[in-house]
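Residue numbers (the numbering used here): 629 to 963.
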Amino acid sequence: MRDLAFESIACELCGSDQGEIIFQTKERRFGLRRCFNLVRCKRCGLVYLTPRPHGDGLRHYYPEDYYAYQPAPQRSGLSQKMKSRLKALILEGYKAAAGHPAPLPRKLWRRALAFPFQGRLQGLPDHAGGGRVLDVGCGTGGYLRLLRELGWEVCGVEVDAKACAEAERLGLNIFPGHLEEAGFPADYFDLVRMNHVLEHLPHPLHSLEEAKRVLSEGGKLLIEVPNVKSLSARLFGERWYHLDLPRHLFHFSPRTLSSLLEKAGFAQVEITHLPTTSGFSGSLQIIWNEATGNPKGKGLRWSRVLNLSLGPISFLAAKLGRGEFLQAVAFKGSL
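So this is what it looks like as structure tokens:
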């Protein structure tokens, strides 16, 4: 890889340039050869990368096989009739979560169907169909396809050209670039979603302010990010899978994520800890890869046996406020 320009930055949250180095560590997931400094702000506690790749230079650290840019796998084994029935069941559960009126037996049936999807349904606008949804960093558009089938008017933003092309091939409306460049009208969307995107953005505060501008009054912002205060982050340190340097420019805790959202002008910020085993299995994969000299091994990360065995640990960690991922829901305006 050719030498790329780097820039040093101050804290995005409080503006301080007083940070302490937590780790000086290398990129560990794709075998790239460069070390990076991870810094914690002494004033507010935000964790971030500095110096960091500057401008378009950051794109050179995203390999062609980066997971977010891959087309959704084509699955077989279910008939079209069975798929239609499953979608109908999911929609029934979605209507239950949205509080649609129905006779009591149907309400109970809907709520039973909704239970497995509660975490995902929380991020949808509070009515079924007719709303406008913007997915920032939409990748190849899998989430937008689902919402379109549920009756939403959908739009996406994506910086990767190949992912954009795949999403457009599926008939989705995608802006190729950054949210701030798209020029969407103000007060337009009912929901803006940033799923594992905020940590990749060079200026997350600016992006959140733009998200607030394009949201309608009372509109909902849904964010999911890795939790730098998670149990796996504490256990594995610089080998924590979700450090993902240098692609993850910022690392959020519940406190710093809430503070950033409030600084951007959002109200009623709610943070939920989500259980997932990826931080544990991915970190063990990194340790194994270093021991075997194979930087691209993936067997442990995707081992069903390992991830099933780690499930109770990740669930307990989330219940104790040390979950792997943070889901933030925030609103435009005071509700």
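All residues carry an ideal CB built from backbone N, CA and C; glycine is no exception.
In the displayed model, Ala958 falls within a strand according to three-state DSSP. In the DSSP annotation of this structure, Gln913 is not part of any beta strand (DSSP E); the continuous alpha helix (DSSP H) holding it starts and ends at 906-920. When the alpha-carbon of Leu902 is set against those of Tyr816, Cys783, Ala956, the nearest one is in Ala956.
When DSSP reads this structure, Ala895 sits in a beta bridge with Phe959.
Within the stretch 629-689, the complete beta strand (DSSP E) segments at least 3 residues long are 647-654, 663-669, 675-677, listed from N- to C-terminus. By the criterion of a C-beta distance shorter than 6 Å, Val853 is surrounded in its chain by Leu826, Glu827, Phe880, Leu954, once the five residues flanking it on both sides are discounted. The stretch 840-859 makes no contact with the stretch 635-645: fewer than 3 CB pairs, one atom from each, lie closer than 8 Å. Looking only at Tyr816, Arg950, Asp872, Glu898, the smallest Cα-Cα distance to Leu863 is reached by Arg950. In terms of Cβ geometry, Leu677 and Phe664 form a close pair [threshold 7 Å]. Taking 7 Å as the cut-off, the beta carbon of Ser911 is found no closer than this to the beta carbon of Ser858. For the set Arg875, Pro804, Pro679, Leu641, the Cα lying nearest the Cα of Cys669 is the one of Leu641. With respect to the 7 Å criterion, Ile899 and Pro874 are not classified as neighbours on the basis of their beta carbons. Between Pro832 and Tyr690, the alpha-carbon positions lie close to 19 Å from each other. Less than 7 Å separates the beta-carbon of Ala795 from that of Thr768. For Phe943, no beta strand (DSSP E) encloses it; the enclosing alpha helix (DSSP H) starts and ends at 932-947. About 33 Å separates the beta carbon of Glu866 from that of Glu838, a gap too long to meet the 8 Å contact definition. By alpha-carbon distance to Lys891, the top candidate from Leu934, Phe812, Lys960, Glu781 is Lys960. Counting along the chain, no beta strand (DSSP E) covers Arg950, and no H or E run does either. Judged by beta-carbon spacing, Asp818 lies within the 7 Å limit of Arg760, meaning their Cβ atoms are closer than that value.
One thing to note: Cys766 has its Cβ no nearer than 7 Å to the Cβ of Gly779. In this structure, Thr905 lies near Leu938, with their beta-carbon atoms less than 7 Å apart.
Counting along the chain, the unbroken beta strand (DSSP E) around Phe817 starts and ends at 817-823. Just so you know, the alpha carbons of Leu775 and Ala958 end up roughly 20 Å apart.
Distances from the alpha-carbon of Ile941 to those of Ser909, Lys926, Phe634, Arg929 put Ser909 closest.
Under DSSP, the beta-bridge partners assigned to Glu786 are Pro804. Around the beta-carbon of Thr920, fewer than 16 other beta-carbon atoms lie within 10 Å, marking it exposed. The DSSP-derived three-state label of Val856 is coil. Remark: C-beta atoms of Arg821 and Asp763 approach each other more closely than 7 Å.
Gly846 carries a strand assignment under DSSP once its states are collapsed to helix, strand and coil.
The C-alpha of Phe651 lies about 11 Å from the C-alpha of Trp868. By the criterion of a C-beta distance shorter than 8 Å, Phe878 is surrounded in its chain by Glu640, Leu674, Val675, Tyr676, Leu677, Leu826, Glu827, Leu829, Pro832, once the five residues flanking it on both sides are discounted. Counted as a single uninterrupted DSSP element, the beta strand (DSSP E) harbouring Leu762 occupies residues 760-764.
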